[in-house]
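According to full-length UniProt numbering, the sequence shown is numbered sequentially starting from 1.
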Amino acid sequence: MVARASFEGAAAIVVDRPLKAKESALSTVKDSTAIASVMEPETSAAPVSSSTSSARCPAEMALVEDRVCVDRWEGSLVELTPGSERPWSPFDPIDGIERRVRAVSWPGVIPQGYISGLQAKRACAASGKRLCTSDEWVSACRGPEDTLFPYGASRQHGVCNDDERPVHPVAEIAALLGIKSEEHWTTAMNNPLINQLSNALLPTGERAGCTNGYGVFDMVGNLHEWVDDPSGTFRGGYFMDTTRNGEGCKYATTAHSFGYHDYSTGFRCCMDPEQAD
């Protein structure tokens, strides 16, 4: 069993920085390392091609179609504290503290789940960015070759984190904690243990082939990604499903409100590029 019996219900797990690729997701991390150090990619994190870099976008963003900067990696959060900031646990929702966090995009860390579209929009704005429009998101996903998947025209299982675990993570956690069946698809959906199971959510950029010529990663699989639609739309699928609501970059879920969140909902930010000289 991968989870500890001492965890009960939806008790949050506090980590002092985003978890890197080689750390146990079920370990409580206590580390005073400066934030700058966790921004360095793990050796397993996918490298960024210099050909996709642009002075018109921040280093953590890629220039897409010469019209929009898009985060290369799925979003993480940092908590704003007096005089400083510290990484927020990717397993904790931010209900009630939305004004105390901002969005960042880092390679080699567990990205933020458990976030609503409204919360993601505010977190992006706090970093001088915004949620991507659906059109911007699709353009970034399809890449400069305009393919159905980031890596090409047809699905290749395992290139992105779309392996679909044999046991649904909500059912696994519900069985472990004795959660009633009628709560499986309600309160249990936000249990922080879900994204800490093995063979589930992966660090950003770990599937090095899940990218395209723009140098954006994980746009299919890993986490759903909110786009700027007040009616509520997230795109790309997640580690358990990248087919039910469309193939590849066409995948879009519209069944939930913009204020909804669960273990599978993540985000990335966009911004307008600097004007060319």
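For every residue, glycine included, the Cβ atom is placed at its ideal position computed from N, Cα and C.
Computed from a prediction, not measured in an experiment: that's the story for all the values here.
Is the beta carbon of residue j closer than 7 Å to that of residue i?
i	j	result
Arg268	Asp146	no
His261	Ile94	no
Tyr263	Val64	no
Ala123	Val101	yes
Phe234	Asn161	no
Asn212	Pro150	yes
Ser105	Trp137	no
Gly266	Gly96	no
Val170	Ala188	yes
Glu85	Gln119	no
How would you write the range of the alpha helix (DSSP H) that residue i sits in, first residue to last?
i	result
Gly117	Gly117 to Ala126
Trp137	Ser134 to Arg142
Pro169	Pro169 to Leu177
Take residue i and list the residues in its own chain whose beta-carbon comes closer than 6 Å to its own, dropping the five residues that flank it on each side.
i	result
Thr133	Asp228
Pro144	Gly213
Tyr163	The sequence given here has Asp at residue 163, not Tyr. Same-chain partners within the cutoff: there are none.
Asp241	none
Out of the options, state which residue places its alpha-carbon closest to the alpha-carbon of residue i.
i	options	result
Arg155	Gly248, Pro192 and Gly113	Gly248
Val78	Ala59, Ala55, Cys69 and Ile110	Ile110
Leu176	Asp241, Trp185, Ile194 and Glu182	Ile194
Ala200	Glu98, Arg86, Ile173 and Val216	Ile173
Gly152	Met219, Asp241 and Leu223	Met219
Leu202	Gly117, Lys129 and Val159	Val159
His224	Cys141, Thr81 and Gln275	Cys141
Pro192	Asn222, Asp92, Gln119 and Ser181	Asp92
Trp226	Glu164, Gly75 and Cys210	Gly75
Count the other CB atoms within 10 Å of the CB of residue i; is the residue buried (16 or more) or exposed (fewer)?
i	result
Asp66	exposed
His168	exposed
Trp185	exposed
Ile179	buried
Pro166	exposed
Thr243	exposed
Gly236	buried
Asp135	exposed
Thr81	exposed
Gln196	buried
Gln275	exposed
So the beta strand (DSSP E) residue i belongs to, where does it begin and stop?
i	result
Val104	Val101 to Ser105
Met271	Cys269 to Met271
Val68	Val68 to Asp71
His224	His224 to Trp226
Ser76	Gly75 to Thr81
Met61	Met61 to Val64
Ser84	Ser84 to Pro87
So, for residue i: in the same chain, excluding its five sequence neighbours on each side, which residues have a beta-carbon less than 8 Å away from its beta-carbon?
i	result
Pro273	Ser54, Arg56, Cys57, Leu63, Asp66, Arg67, Val68 and Cys69
Arg130	Lys121, Cys124, Asp228, Cys269, Cys270 and Met271
Ser127	Arg102, Ala103, Val104 and Cys269
Counting only the same chain and skipping the five closest in sequence on each side, list residues whose C-beta sits under 7 Å from that of residue i.
i	result
Gly232	Gly117, Thr254, His256, Ser257, Phe258 and Tyr260
Asn245	Tyr251, Ala252 and Thr253
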